[in-house]
Structure formats: C-alpha cells, structure tokens
Amino acid sequence: MNKQKSFAGSDELDFRQVLEAVPDAVIVVDLDFNVRWANAAFSTLTGVPLSRAVGKKCYDVFPGKLCGTPGCPLNRIQEQMAPLCYEEDKQCGYGRSAPGLITAVPYRTAGGKLAGMVEIVHDMTPLYESREKYRKAMGGVIQAMSLAIEKRDPNTAGHQRRVTKLCRRIARELGFSWERTEGLRMAAAIHDLGKIFIPQAILNRSGELAEHERAIIQNHPKAAYEVLKDIDFPWPLAETIYQHHERMDGSGYPRGIKGESILLEARILGVADVVDAMSYFRPYRPAVGIQAALEEISKGRGIKYDPDVVDACVRVIKEGKMDLALVEEKADSGLKQ
Ligand SMILES: [Fe+2]
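One point on numbering: in our numbering, the residue at position 55 of the sequence shown is 57, and numbering is uninterrupted.
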C-alpha cells in the first residue's frame, strides 16, 4: 500500500503545508535578495506580516549583522554552493533581537539552476534563557561557598572577593574572552576552599608557623581540588585552584610543577593572591602594603611569576583600572600620588 495516500488522500504531499507546519522560521530569498516566500513561523518570529515581507528585500525585512557584508549567506552560497550553519542575533519586530541558529541552503530550480536560498531560523531565546538561569544558579552556589569559607576564616574575609576582582581585571588586560574570564572568576571566588580543613587554631595562630602547621596549610589547594574535581564545570576550576600556589620556576606547592604546565588561569590567580595577601594583615605578619606587593611580583617576574601576568597586574593597579580601595584599604601605598 502506498503510504503517501494517507496524506489527505493524495499521492502528492503538499510541501507548502509541510513548511507551514515547521515551527522554525523558513524564508526563501531569490538571487536579488527579494523574499519570495516565508512561512507563518517567520511572521511570528519577526513580527512582520507576510504581506509586508514577501516581495521586499530580505535585509529590510529581517536584518542581521552579516547583511551587506561578504559574510552574507546569499553571497556565500553563490560562492560555495554549499549549505551554511551559523549563529547570529537577528533583528525582530518591536526593536527586539533574537539569538538565531541559522541554516542557509541553496534553492535550485527544477532544472538544477541556483535561484536563491532557503533560510531556516531556529529561535534560541528559550535555550539562552535556560542557560542564563543555570549560569546564575551556579554563580549563586559559588558565591554561597565563598561566603561560607570567609565566615570560617575572618582573617581572610573579603580576600577572595578582592582577588576575584583583580583576576577579572588582569584577564581583561590579557584579552581573555568573557567566557574564560567567568571561569577564572569562579575559581578565584573559592580559591581558599581548602582552608576549611585547616584547624581553627592554626588559621588564627599569630607568629611564625611550625613546620607541621605549614604542611597542613600547604595542603589546602589539594584539599579544594579533592572537593571540586568530580563536578563537571565548563571550566578547569578544580585544577586552577589546585595550582594557585605553584610557581613558574617550580618553587611553589603542592606539586612543584613549573612553567607552561601551570594553567594561565592559575598563574593569574597566583599573582592576584600574592598582591592581595601582602596588602592585608595576616595573624602571623602585618600587612606590608601594595607597593611592597608590586615590588615582590616585579622581582619575581619571569622567575616565580608569569611576566605577562605581572605586567598586566602592575598596569591594572598603577593605571587605576581597579578600585584600589578594595585592594589597599589598610596598606600604605605610594601609588595614590
Ligand atoms: Fe591559597
């Protein structure tokens, strides 16, 4: 039995109806950029009635960043004769723009001659919204962990927050993408997580630490790694924290790894951590000040610390690209002049 017969009792499918049933916007554009046909979903997405779309130029009806550039899908299809798939924000009705996943395929006449293109636009707004919700929830959990860590160790209260800020500014100087910076920020916000395993008596001890106490403190990057390693973050969070006391020349801890085998994120976190820690009071020593902190990282530039990270950090602080009050507060700085 011919299965197609079950469709409206006809041998032929009505392909126009098939395309109308597609929830994605479908638009057919000829080689002169005229919209030749569009489905109802196109109208819903753009807010443009079909009567005002068909016969008009596609770049007027449904503008995007690629319109009028060599990257315009119609131009590219004429060059490559191959389908394209890309993400682009599309201008929709009422001043709204929507993130679209766009597939553009060549449209050919029955004789096989290229006559234009068919664009299928999938509105990714719901996906973006749920991704945003997930991101906010993850940020909230990290924030809660950060507060819990600082509650337990009031001597470092505010430290993780300031380090996070400084890391973000250094990352920006180094040209990190927004996405990569987010990962670094999350790692910085909880980089002292491992300190919750250090007995309070050692954390609050004033004066020099004994050898065994130092060993306990130096285990904190590994302790944090153990807690985080099985969580599937979109960034190398656990590893970044594990490495934040490693140094380029191998003199750091806990593993003594060196050079490029230390993640760039960890090299940034390490420098920001030193700068902030030296600027503030610790039970076992007074604050030495931001000037001394900058001298320390400059002295270790290319030895203990990544030279590019040191340069970026010095620039951020000296050029006032960061709110110094946050890093400095109690430090006696000559940088205010
Ligand atoms: Fe640390």
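Glycine is no exception: its CB is placed at the ideal position from the N, C-alpha and C atoms. None of these values were measured; they are calculated from a predicted model.
Checklist entry - So arginine 269 packs on aspartate 308, CB below 8 angstroms; how close in whole Å? => result In the sequence shown, the residue the question calls residue 269 occupies position 267. In the sequence shown, the residue the question calls residue 308 occupies position 306. That belief holds up - the Cβ atoms of arginine 269 and aspartate 308 are roughly 4 angstroms apart, short of 8 angstroms.
Next on the checklist: Between the alpha carbons of leucine 21 and valine 28, how many angstroms are there, rounded?
Outcome noted: Residue numbering aside, residue 21 sits at position 19 when the sequence shown is read from its first letter. Residue numbering aside, residue 28 sits at position 26 when the sequence shown is read from its first letter. Going by the C-alpha atoms only, they are around 7 angstroms apart.
Checklist entry - Could you check where the beta strand (DSSP E) with tryptophan 39 kicks off and where it finishes? => result Residue mapping note: residue 39 aligns to position 37 of the sequence shown, counting from 1. Here the beta strand (DSSP E) through tryptophan 39 covers 37 to 40.
Next on the checklist: By alpha-carbon positions, which one of Glu213, Lys167 and Asp155 ends up nearest to asparagine 206?
Outcome noted: Residue 206 sits at position 204 when you count from the first residue of the sequence shown. When only C-alpha atoms are compared, the closest one is Asp155.
Next on the checklist: Residues in the same chain with beta-carbon distance under 7 angstroms from tyrosine 109, minus the five sequence neighbours each way, listed in chain order, please.
Outcome noted: For the purposes of this step, residue 109 is taken as residue 107 along the sequence shown, with counting starting at 1. Val30, Ala117, Gly118, Met119 and Val120.
Checklist entry - Of the residues Ala173, Tyr227, Ile204 and Leu195, which one's Cα is nearest the Cα of leucine 266? => result Counting from 1 along the sequence shown, the entry for residue 266 is found at position 264. Here the closest residue by C-alpha is Ala173.
Checklist entry - When DSSP labels each residue in this structure, what does histidine 214 get in the three-state scheme? => result For this step, residue 214 is matched to residue 212 along the sequence shown. Note: histidine 214 maps to helix in three-state DSSP.
Item to check | lysine 58: first and last residue of the uninterrupted alpha helix (DSSP H) it sits in | outcome: On the sequence shown, residue 58 is found 56 positions in, with the first residue counted as 1. Note, lysine 58: premise wrong, no alpha helix (DSSP H); not H, not E.
Item to check | Whole-angstrom distance between glycine 322 and alanine 226, CA atom to CA atom | outcome: Taking the sequence shown and counting its residues from 1, one reaches residue 226 at position 224. Taking the sequence shown and counting its residues from 1, one reaches residue 322 at position 320. Near 32 angstroms, if we compare the C-alpha coordinates of glycine 322 and alanine 226.
Next on the checklist: Looking only at its chain, what residues have a beta carbon closer than 7 angstroms to the beta carbon of aspartate 334, apart from the 5 residues adjacent to it on each side?
Outcome noted: Taking the first residue of the sequence shown as position 1, residue 334 is located at position 332. In this prediction, aspartate 334 scores a pLDDT of 38, lower than 50, which makes its location untrustworthy; the coordinate-derived value is nonetheless stated afterwards. These residues qualify, in order along the chain: Gly291.
Item to check | Beta-carbon separation (whole angstroms), valine 24 vs threonine 48, contact threshold 8 angstroms | outcome: Here residue 24 is taken as the residue at index 22 of the sequence shown, counted from 1. Here residue 48 is taken as the residue at index 46 of the sequence shown, counted from 1. Not really, about 15 angstroms apart at Cβ, beyond 8 angstroms.
Checklist entry - Does DSSP classify aspartate 334 as helix, strand or coil? => result Here the question's residue 334 lines up with position 332 in the sequence shown. Only weak support is given to the placement of aspartate 334: the predicted model assigns it a pLDDT of 38, under 50, and the value that follows is read from those uncertain coordinates. Coil at aspartate 334, not helix or strand.
Checklist entry - Cβ-heavy atom distance between proline 85 and ligand 1 below 7 angstroms? => result In the sequence shown, residue 85 corresponds to position 83, counting from 1. Proline 85: no, Cβ never under 7 angstroms from ligand 1.
Next on the checklist: Please tell me whether, using a cut-off of 7 angstroms, the distance from the CB of aspartate 278 to the nearest non-hydrogen atom of ligand 1 is below it.
Outcome noted: Along the sequence shown, one-based indexing puts residue 278 at 276. Result no, Cβ not under 7 angstroms from ligand 1.
Next on the checklist: Using a strict less-than 7 angstroms threshold between each residue's beta carbon and the heavy atoms of ligand 1, what residues do you get?
Outcome noted: His193, Asp194, His222, Pro223, His246, His247 and Asp275
Checklist entry - Just reading off the beta strand (DSSP E) that aspartate 278 is part of, what are its end residues? => result Along the sequence shown, read from residue 1 onward, the residue named residue 278 stands at position 276. From DSSP, aspartate 278 is part of no beta strand (DSSP E) but of the alpha helix (DSSP H) over 266 to 281.
Checklist entry - Which ranges does the alpha helix (DSSP H) cover as unbroken runs of at least 4 residues, wholly within the stretch 134 to 196, from first to last along the chain? => result 161 to 175 and 180 to 191
Next on the checklist: Can you give me the C-alpha to C-alpha distance between lysine 231 and leucine 176, rounded to a whole angstrom?
Outcome noted: Walking along the sequence shown from the start, residue 231 turns up at place 229. Walking along the sequence shown from the start, residue 176 turns up at place 174. The straight-line gap from Cα to Cα measures roughly 27 angstroms.
Item to check | Spatially closest choice to phenylalanine 235 from Gly254, Arg182 and Leu103, by CA coordinates | outcome: Taking the first residue of the sequence shown as position 1, residue 235 is located at position 233. It is Arg182.
Checklist entry - Which residue spans inside the stretch 64 to 124 form an unbroken beta strand (DSSP E) run of at least 3? => result 86 to 93 and 99 to 110
Checklist entry - Given aspartate 278, which residues of its chain have a CB within under 7 angstroms of its CB, disregarding the five upstream and five downstream residues? => result Position 276 of the sequence shown, counted from the first residue, corresponds to residue 278. Contacts found: His161, Arg164, Val165, Leu168 and Val329.
Item to check | Cβ-based neighbour list, phenylalanine 199, same chain, cut-off 6 angstroms, excluding 5 preceding and 5 following | outcome: What you label residue 199 is simply residue 197 of the sequence shown in a count that begins at 1. Correct list, in chain order: Ala225.
Next on the checklist: Quick check: the Cα distance between isoleucine 79 and leucine 52, rounded to an integer number of angstroms?
Outcome noted: As a first step, residue 79 is located in the sequence shown; it is residue number 77 there, counting from the start. As a first step, residue 52 is located in the sequence shown; it is residue number 50 there, counting from the start. Near 24 angstroms, if we compare the C-alpha coordinates of leucine 52 and isoleucine 79.
Item to check | Local Cβ density within 10 Å of valine 276, reported as buried at 16 or more and exposed below that | outcome: Counting from one through the sequence shown, the residue named residue 276 turns up at place 274. Valine 276 comes out buried.
Checklist entry - Is histidine 222 near lysine 197, with beta carbons less than 8 angstroms apart? => result Locating residue 222 in the sequence shown gives position 220, where the first residue counts as 1. Locating residue 197 in the sequence shown gives position 195, where the first residue counts as 1. Yes, these two residues count as a Cβ contact at 8 angstroms.
Next on the checklist: Can you tell me which residues form a DSSP beta bridge with isoleucine 29?
Outcome noted: Translated into positions along the sequence shown, residue 29 becomes position 27. Per DSSP, Ala40 and Glu121.
Checklist entry - Applying the criterion that 16 or more other CB atoms from any shown protein chain within 10 Å of the CB defines a buried residue, is threonine 111 buried or exposed? => result In the sequence shown, counting from the first residue as 1, residue 111 sits at position 109. Burial call: exposed.
Checklist entry - Excluding the five sequence neighbours on either side, which residues of its own chain have a C-beta within less than 8 angstroms of the C-beta of lysine 67, listed in chain order? => result Sequence index remark: in the sequence shown, residue 67 carries index 65 (1-based). The answer, listed in chain order, is Glu90 and Asp91.
Next on the checklist: So for arginine 257, helix, strand or coil by DSSP?
Outcome noted: On the sequence shown, position 255 is the one that residue 257 refers to. Of the three classes helix, strand and coil, the one that applies to arginine 257 here is coil, per DSSP.
Next on the checklist: In this structure, how does DSSP classify arginine 303 when only helix, strand and coil are distinguished?
Outcome noted: Position 301 of the sequence shown, counted from the start, is the residue given in the question as residue 303. Strand, per DSSP.
Checklist entry - The alpha helix (DSSP H) spanning glutamine 19 covers which residue range? => result Looking up residue 19 in the sequence shown gives position 17. Its alpha helix (DSSP H) spans residues 17 to 23.
Item to check | 8 angstroms Cβ cutoff met for valine 312 and serine 300 | outcome: Here the question's residue 312 lines up with position 310 in the sequence shown. Here the question's residue 300 lines up with position 298 in the sequence shown. Going by C-beta atoms, valine 312 is nearer than 8 angstroms to serine 300.
Item to check | threonine 242, buried or exposed, once every other Cβ within 10 Å from all chains shown has been counted against 16 | outcome: Here residue 242 refers to the residue found at position 240 when the sequence shown is read from its first residue. So threonine 242 counts as buried.
Checklist entry - In angstroms, rounded to a whole number, what distance separates the CA positions of proline 101 and glycine 304? => result Residue 101 sits at position 99 when you count from the first residue of the sequence shown. Residue 304 sits at position 302 when you count from the first residue of the sequence shown. Looking at the two C-alpha atoms, the distance is approximately 43 angstroms.
Next on the checklist: Let me confirm a value: aspartate 16 is counted as buried when at least 16 other C-beta atoms fall within 10 Å, else exposed. Which label applies?
Outcome noted: Translated into positions along the sequence shown, residue 16 becomes position 14. It counts as exposed.
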